[in-house]
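Remarks on the structure that follows.
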Amino acid sequence: MILYPKAHFNNVKEISIEFLEKNNIKALILDVDNTLIDYDRNMPDGIVEWVEQLKNNGIKFYIVSNTNKKDKVEQVSQKLKIKYNYFAKKPLKTGLLKAQKELQEKPENVAVVGDQIFTDVLGGNRCKMFTILIEPIAEKDIWLTKIKRPIEIFIKKKYFKKINKGGDMD
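Next up, the structure:
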């Protein structure tokens with residue numbers, strides 16, 4: 018199903034080099050809000066080190082965010098030393114495909130990582146990329162995301178039920 022991720026983790030730091038190698042992932046496209054930072058722009062401990070560890074193992078990174086706040090994305094980009102584009106309008110393909118082209122990897126070797134089904138997962142799946150859903154860093158969201166969260170919870174329940182039965186996510 019196009020709304021189901023290929024994998025799920027509690028946070029980005031749980032995504033290991035072993036997992037990426039097993040799934041032939043060579044690059045990660047990361048969301049910003051509630052994936053790398055919370056609503057108040059606080060980055061959880063360990064994210065910088067996680068990025069560095071994966072970079073040292075050959076993983077490439079790119080940030081793709083829907084926010085129109087360039088300064089916020091730029092701040093995260095500089096801290097993590099990752100290129101970015103903002104106001105990407107996910108689930109539209111444009112921003113994700115631009116990142117994939119910059120990363121110089123095939124779509125199947127790129128994973129989109131984010132906390133939202135209707136932007137990150139849907140956009141990544143539309144681009145034929147591997148998708149990884151993580152839990153939001155914090156409960157505080159912008160109003161539009163707050164509206165979507167109950168629907169996402171319903172979809173996640175169906176997703177987890179399917180995985181627990183051993184179902185394929187394709």
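In our numbering, each residue's number is its place in the sequence shown (first place is 1) plus 17. We treat Cβ as the ideally placed atom computed from N, Cα and C, and that holds for glycine. Quick caveat: nothing in here was measured; it's all calculated off a predicted structure.
Quiz item: Which same chain residues, not among the five before or five after K86, have their C-beta less than 8 Å away from its C-beta?
Solution: Y103
Practice problem: Identify, in the order they occur along the chain, each residue of the same chain with its Cβ nearer than 7 Å to the Cβ of G112, setting aside the five sequence neighbours on each side. | Solution: V81, N102, A105 and K106
Quiz item: What do you get for M18, buried or exposed, if any count of 16 or more other CB atoms within 10 angstroms of its CB means buried?
Solution: exposed
Exercise. Give me the Cα-Cα distance between N40 and K89, rounded to the nearest whole angstrom.
Key: 31 Å
Quiz item: At what residue ranges does the region 59-131 contain a whole run of the beta strand (DSSP E), taking only runs of 3 or more?
Solution: 77-81 and 127-131
Quiz item: Under the rule that 16 or more other beta-carbon atoms within 10 Å means buried, what is E125, buried or exposed?
Solution: exposed
Self-check item: Given D48 as reference, the closest of E38, M60 and L37 once Cα atoms are compared
Solution: M60
Exercise. Could you have a look at L45 and say whether DSSP puts it in helix, strand or coil?
Key: strand
Practice problem: Whole angstroms is fine: what's the gap from F46's alpha carbon to F36's? | Solution: The identity of residue 46 in the sequence shown is Ile, whereas the question assumes Phe. For I46 and F36, the distance between alpha carbons rounds to 16 Å.
Exercise. Indicate whether V68 and F78 have their beta-carbon atoms separated by less than 8 Å.
Key: yes
Self-check item: L53, DSSP secondary structure in three states
Solution: coil
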